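*Asks:* Let me begin by handing over the structure; questions about it come next.
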Amino acid sequence: MQKSKGISSKNKWPYLFITPYFLSYAVLSLFPILFTLYISLTDWDLYGNRNFIGFSNYTQLFFHDAFFWKSLLNVMIFMVVYLPALVLMGMLVASLIESKLIRRKTFFRLSVFSAYMTTPVAVGIIFSLLFDWQGGFFNNMLMELGIIQEKINWLGSASSSRWVVILMVFWKNLGYFVMFYTAGMASIDTSIYEAAVIDGASSKDVFTRITIPLLKPINLFLIITSIISGLQLVEEPMLLFSGWASGSSMVGGPDGSTFTPIWYMFDASFNGSAFKYGKGAAIAYGTFLFIALFSVVGMKWINRGGDDK
Amino acid sequence: MRAKKFFTVLLLSLIAIAFLFPFYMMIVMGTYYSEDLFKQLPILPSGYLVENLKTIMSASFLRNYWNSFYVAVLFTLVTVGVASITGFAFAKYEFKGKNALYGFILLTMMIPGHLGLIAYVMEMKWFHLNNTHAPLILAGLNNAFGVFFMTQFIRSSVPTEVIESARIDGSSEPGILTRIVIPFLMPAISTLGLISFLGSWNGYLLPLVTINKPELYTLPLGIANLSTVFRTDYSASILGLTLGTLPLIILFLFGSKTLVRGLTGGAVKG
Chain B
2 MQKSKGISSK
12 NKWPYLFITP
22 YFLSYAVLSL
32 FPILFTLYIS
42 LTDWDLYGNR
52 NFIGFSNYTQ
62 LFFHDAFFWK
72 SLLNVMIFMV
82 VYLPALVLMG
92 MLVASLIESK
102 LIRRKTFFRL
112 SVFSAYMTTP
122 VAVGIIFSLL
132 FDWQGGFFNN
142 MLMELGIIQE
152 KINWLGSASS
162 SRWVVILMVF
172 WKNLGYFVMF
182 YTAGMASIDT
192 SIYEAAVIDG
202 ASSKDVFTRI
212 TIPLLKPINL
222 FLIITSIISG
232 LQLVEEPMLL
242 FSGWASGSSM
252 VGGPDGSTFT
262 PIWYMFDASF
272 NGSAFKYGKG
282 AAIAYGTFLF
292 IALFSVVGMK
302 WINRGGDDK
Chain A
1127 MRAKKFFTVL
1137 LLSLIAIAFL
1147 FPFYMMIVMG
1157 TYYSEDLFKQ
1167 LPILPSGYLV
1177 ENLKTIMSAS
1187 FLRNYWNSFY
1197 VAVLFTLVTV
1207 GVASITGFAF
1217 AKYEFKGKNA
1227 LYGFILLTMM
1237 IPGHLGLIAY
1247 VMEMKWFHLN
1257 NTHAPLILAG
1267 LNNAFGVFFM
1277 TQFIRSSVPT
1287 EVIESARIDG
1297 SSEPGILTRI
1307 VIPFLMPAIS
1317 TLGLISFLGS
1327 WNGYLLPLVT
1337 INKPELYTLP
1347 LGIANLSTVF
1357 RTDYSASILG
1367 LTLGTLPLII
1377 LFLFGSKTLV
1387 RGLTGGAVKG
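Order-wise, the sequence lines are chains B and A.
Quick note: to get this note's numbering, add 1 to the position in the first sequence (first position is 1).
Quick note: to get this note's numbering, add 1126 to the position in the second sequence (first position is 1).
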């Protein structure tokens, strides 16, 4: 009797421990997610319309809305450029910092990580000031160095604004990648390296044959989370074009070249004139479809790459 | 060897400079008179720091600072607390439905954070919690990454034998959690705590859509709004941003070692 009571009281504990998580998940995450799905099937707006209209938000979005496709295309262009750069540079910088030659590791870690700690608001504003047409630091510097004769309107044309956004995201996230690679490299058993060196492996061999394969789980983690967060990019480009330097704000940048899906969602549901929640919800779900698709493709791709190792 | 070392240090220093540069610019720009900002290359600090400080202080800057601070502290406590007990349950107990529930949490990590935003804002309105800080703090209650991170860490770093011997000694399960497990978790707690604090402190979109009273603004919101309050006073706003980043730098300076240790012992250990 005593014993069975002991067992049953032991059994209730794990359930009690996980209750706060699942309860709050149900109320604060699952419900909003499902309810957003419902909203996306209505014409819900500020004026109190909330008629069920089926999939027309989605047909509108997928077949008649060039902005939606453009915003998706933008974030994909960004990712295609900065993701490989982050992976390569991240590993390189991390391996430099972790090499035995470096003593002031904290300083170097902190300097690349400082960008990641900076609020997106500041990142957007700093870059809008650095790349300002008339008074921006970047133009002034190029002029003084005599590299350009006339100031370039970086944030005024579609292609150069894209590059500024790519640079901005790269600058912001490299520290995050370096941090994870640093942690990963620190957990690799040093005897593996010592054995390789005794066997006469060059440092390049060590890097490509030992370090990179052993970092595979970290790569999987970083790439998948970067795809998820990359498709949700919003605050930095939004503040880049919030009118800090130019004086007037611009939705989506020149020709919508830096418009992102979540920016679009925000604009449709919280910033427009009618607060079209239905449309905003459909944009959220439309984007989610692509995130799911790309996460699966990303995982397949990484796992395939690992088989021949 | 010596040349190699020199080269590595040089290369890293160049990278560090490139990365610190915009950051450095931010600090320097905060010391300029706004009109002078664009006249020359602002490379060396100027003497307008105190004036700029006065300007931002007059714009409820301290109020925003305090809002951000206490919201971030509560958010972090809630995130780490829930993630720790949930992670403990998944790492050290056997119970019915455990694998399915844990799999469910992993699956939800794939769901983008903004998916339910619109309905979350509506829900907060129904609860009459809009224009309070509650929506920002409550968002920390269910952090799937936090649970995943804690579960991994507890699995690999908390010896089951210690828990079992405490149980034999008659310790209750909550007692085991608070007296035995939590002390083992300090590296993980500080890592997850740093990440959570960072996320809350820097958050922009959620406060933007749930708060529209200036006295409730958090720091990023307040500073983004400075640009509309003082149309031309860039340098004052930049100073605000610099001061807003400072606590994070200090936190990281002290937490850098534990951050790496926490990541190593936890999630990324393959």
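Cβ coordinates follow ideal geometry from the N, Cα and C atoms, glycine included.
Computed from a predicted structure; not experimentally measured.
Listing by chain order, which chain D residues have their CB less than 9 angstroms from the CB of A:N1328?
*Replies:* Note that chain D does not occur in the displayed structure, where the protein chains are B and A.
*Asks:* How would you list, in chain order, the residues of chain A whose beta-carbon sits under 8 angstroms from the beta-carbon of B:F62?
*Replies:* Here the question's residue 62 of chain B lines up with position 61 in the first sequence. Correcting the residue type first, residue 62 of chain B is Leu in the shown sequence and not Phe. Within 8 angstroms Cβ-Cβ: nothing; B:L62 doesn't reach chain A, min ~15 angstroms.
*Asks:* Fully enclosed by the stretch 165-221 of chain B, which alpha helix (DSSP H) runs are 4 residues long or longer?
*Replies:* As far as the stretch 165-221 of chain B is concerned, its whole alpha helix (DSSP H) runs of at least 4 residues are 191-199.
*Asks:* Rounded to the nearest angstrom, how far is the Cβ of A:I1289 from that of A:I1306, given a contact under 8 angstroms?
*Replies:* Within the second sequence, the letter at position 163 stands for residue 1289 of chain A. Within the second sequence, the letter at position 180 stands for residue 1306 of chain A. That belief holds up - the Cβ atoms of A:I1289 and A:I1306 are roughly 6 angstroms apart, short of 8 angstroms.
*Asks:* How many Å lie between B:F53 and B:L62 at the Cα?
*Replies:* For the purposes of this step, residue 53 of chain B is identified with residue 52 of the first sequence, where counting begins at 1. For the purposes of this step, residue 62 of chain B is identified with residue 61 of the first sequence, where counting begins at 1. So the two alpha carbons sit approximately 17 angstroms from each other.
*Asks:* Rounded to whole angstroms, how far is the Cβ of A:E1341 from the Cβ of A:R1189, which I believe are closer than 8 angstroms?
*Replies:* In the second sequence, counting from the first residue as 1, residue 1341 of chain A sits at position 215. In the second sequence, counting from the first residue as 1, residue 1189 of chain A sits at position 63. Confirmed, Cβ separation roughly 6 angstroms.
*Asks:* Tell me which residue opens and which closes the alpha helix (DSSP H) that B:M144 is part of.
*Replies:* By one-based count along the first sequence, residue 144 of chain B stands at place 143. Where B:M144 is concerned, the enclosing alpha helix (DSSP H) stretches over 138-145.
*Asks:* Would you verify that the beta carbon of B:A202 is, or is not, closer than 9 angstroms to some beta carbon of chain A?
*Replies:* Here residue 202 of chain B corresponds to residue number 201 of the first sequence, with the count starting at 1. With 9 angstroms as the cut-off, B:A202 does not count as an interface residue toward chain A.
*Asks:* Just checking my contact of B:P15 with A:F1221 at CB under 8 angstroms: how many whole Å lie between their CB atoms?
*Replies:* Counting from one through the first sequence, the residue named residue 15 of chain B turns up at place 14. Counting from one through the second sequence, the residue named residue 1221 of chain A turns up at place 95. So it is a contact: roughly 4 angstroms between Cβ atoms.
*Asks:* Please list, in chain order, all residues of the same chain as B:A159 whose beta carbon is under 6 angstroms from its beta carbon, the five residues on each side excluded.
*Replies:* Along the first sequence, read from residue 1 onward, the residue named residue 159 of chain B stands at position 158. Here the set comprises P255, D256, S258.
*Asks:* Is B:F276 helix, strand or coil by DSSP?
*Replies:* Here residue 276 of chain B refers to the residue found at position 275 of the first sequence. B:F276: coil per DSSP, three-state reduction.
*Asks:* In three-state DSSP terms, what is B:T43?
*Replies:* Taking the first residue of the first sequence as position 1, residue 43 of chain B is located at position 42. Note: B:T43 maps to strand in three-state DSSP.
*Asks:* Does any C-beta atom of chain B lie closer than 9 angstroms to the C-beta of A:T1234?
*Replies:* Here residue 1234 of chain A corresponds to residue number 108 of the second sequence, with the count starting at 1. Chain B, which has a Cβ nearer than 9 angstroms to the Cβ of A:T1234, makes this yes.
*Asks:* Determine the contact status of B:T120 and A:N1328, defining contact as a CB-CB distance below 9 angstroms.
*Replies:* As a first step, residue 120 of chain B must be located in the first sequence, where it is residue number 119. As a first step, residue 1328 of chain A must be located in the second sequence, where it is residue number 202. For B:T120 and A:N1328, yes; Cβs fall inside 9 angstroms.
*Asks:* Kindly give me the distance between the Cβ atoms of A:I1244 and B:G281, rounded to whole angstroms, as I take these residues to be in contact under 8 angstroms.
*Replies:* Position 118 of the second sequence holds residue 1244 of chain A. Position 280 of the first sequence holds residue 281 of chain B. That belief holds up - the Cβ atoms of A:I1244 and B:G281 are roughly 5 angstroms apart, short of 8 angstroms.
*Asks:* For A:G1396, decide whether its Cβ has a neighbour in chain B, counting only Cβ atoms nearer than 9 angstroms.
*Replies:* Indexing the second sequence from 1 puts residue 1396 of chain A at position 270. A caution first: A:G1396 carries a pLDDT of 40, below 50, which makes its placement in the model unreliable, though a value can still be read off. So, interface residue.
*Asks:* Are the C-beta atoms of B:Q150 and some chain A residue less than 9 angstroms apart?
*Replies:* Start at 1 with the first residue of the first sequence, and residue 150 of chain B comes out as number 149. Output row for B:Q150: interface = no.
*Asks:* Would B:V94 and B:Y182 qualify as a contact pair, given that the criterion is a beta-carbon distance under 9 angstroms?
*Replies:* Within the first sequence, the letter at position 93 stands for residue 94 of chain B. Within the first sequence, the letter at position 181 stands for residue 182 of chain B. Yes, these two residues count as a Cβ contact at 9 angstroms.
*Asks:* Residues of chain B with CB under 9 angstroms from A:M1151, in chain order?
*Replies:* Translated into the one-based positions of the second sequence, residue 1151 of chain A becomes position 25. Residues of chain B passing the Cβ test: I127, L130, L131, F138.
*Asks:* Buried or exposed, going by whether 16 or more other CB atoms sit within 10 Å of the CB of B:N1?
*Replies:* One cannot answer for residue 1 of chain B here, as it falls past the ends of chain B, which runs 2 to 310.
*Asks:* Can you find the residues in the same chain that come closer than 8 angstroms, C-beta to C-beta, to B:F79, ignoring five residues on each side of it along the sequence?
*Replies:* Along the first sequence, one-based indexing puts residue 79 of chain B at 78. These residues qualify, in order along the chain: R163, V166, I167, V170, G231, L234.
*Asks:* Could you spell out the range, first to last residue, of the alpha helix (DSSP H) harbouring A:F1253?
*Replies:* Position 127 of the second sequence, counted from the start, is the residue given in the question as residue 1253 of chain A. No alpha helix (DSSP H) holds A:F1253; DSSP gives it neither H nor E.
*Asks:* Shorter than 9 angstroms from the beta carbon of B:K6 to some beta carbon of chain A?
*Replies:* Translated into the one-based positions of the first sequence, residue 6 of chain B becomes position 5. With a pLDDT of 40 at B:K6, under the threshold of 50, the modelled position of that residue is not reliable, and no figure is offered here.
*Asks:* Just the C-alpha distance for A:F1380 and A:T1157, rounded to the nearest angstrom, thanks.
*Replies:* Taking the second sequence and counting its residues from 1, one reaches residue 1380 of chain A at position 254. Taking the second sequence and counting its residues from 1, one reaches residue 1157 of chain A at position 31. For A:F1380 and A:T1157, the distance between alpha carbons rounds to 27 angstroms.
*Asks:* How about A:S1283 and A:P1261: are their beta carbons less than 9 angstroms apart?
*Replies:* Residue mapping note: residue 1283 of chain A aligns to position 157 of the second sequence, counting from 1. Residue mapping note: residue 1261 of chain A aligns to position 135 of the second sequence, counting from 1. Contact flag unset, no.
*Asks:* Identify, in the order they occur along the chain, each residue of the same chain with its Cβ nearer than 8 angstroms to the Cβ of B:S96, setting aside the five sequence neighbours on each side.
*Replies:* Here the question's residue 96 of chain B lines up with position 95 in the first sequence. Counting only Cβ-Cβ distances below 8 angstroms, and skipping sequence neighbours, we find Y182, M186, F208, T212.
*Asks:* Go ahead and pull the three-state DSSP assignment for B:F242.
*Replies:* Taking the first residue of the first sequence as 1, we reach residue 242 of chain B at position 241. B:F242 falls in the coil class under three-state DSSP.
*Asks:* Per DSSP, what kind of secondary structure is A:F1221 in: helix, strand or coil?
*Replies:* Taking the second sequence and counting its residues from 1, the one referred to as residue 1221 of chain A is at position 95. Three-state DSSP puts A:F1221 in coil, outside helix and strand.
*Asks:* Using a 10 Å radius around the Cβ and a threshold of 16 neighbouring Cβ atoms, would you call B:S311 buried or exposed?
*Replies:* The question about residue 311 of chain B has no answer, for chain B in this structure spans 2 to 310.
*Asks:* Could you tell me if B:Q3 is buried or exposed, where buried requires 16 or more neighbouring beta carbons within 10 angstroms of its beta carbon?
*Replies:* Walking along the first sequence from the start, residue 3 of chain B turns up at place 2. Model confidence at B:Q3 stands at a pLDDT of 39, short of 50, so the residue's coordinates are unreliable; what they give is reported in the following sentence. With fewer than 16 Cβ atoms within 10 Å of its Cβ, B:Q3 is classed as exposed.
*Asks:* Can the beta-carbon of A:F1323 be found closer than 9 angstroms to that of A:L1365?
*Replies:* Taking the second sequence and counting its residues from 1, one reaches residue 1323 of chain A at position 197. Taking the second sequence and counting its residues from 1, one reaches residue 1365 of chain A at position 239. Result no, Cβ atoms of A:F1323 and A:L1365 do not sit closer than 9 angstroms.
*Asks:* Please report the residue range of the alpha helix (DSSP H) in which A:T1150 lies.
*Replies:* Taking the second sequence and counting its residues from 1, the one referred to as residue 1150 of chain A is at position 24. The sequence as given places Tyr at residue 1150 of chain A; Thr does not occur at that position. Its alpha helix (DSSP H) spans residues 1128-1155.
*Asks:* Give a yes or no on whether 9 angstroms exceeds the smallest Cβ distance from B:D308 to chain A.
*Replies:* As a working mapping, residue 308 of chain B is identified with position 307 in the first sequence. A caution first: B:D308 carries a pLDDT of 46, below 50, which makes its placement in the model too unreliable to give a value.
*Asks:* Does the stretch 1265-1279 of chain A touch the stretch 21-34 of chain B, meaning 3 or more C-beta pairs lie closer than 8 angstroms?
*Replies:* Verdict: yes, contact present.
*Asks:* Which residues mark the beginning and the end of the alpha helix (DSSP H) in which B:Q150 is found?
*Replies:* Within the first sequence, numbered from 1, the residue matching residue 150 of chain B stands at position 149. Run containing B:Q150: none; DSSP gives neither H nor E here.
*Asks:* So, with DSSP's three-state summary, where would you put B:F108?
*Replies:* Mapped onto the first sequence, residue 108 of chain B falls at position 107. DSSP places B:F108 in helix when its eight states are reduced to three.
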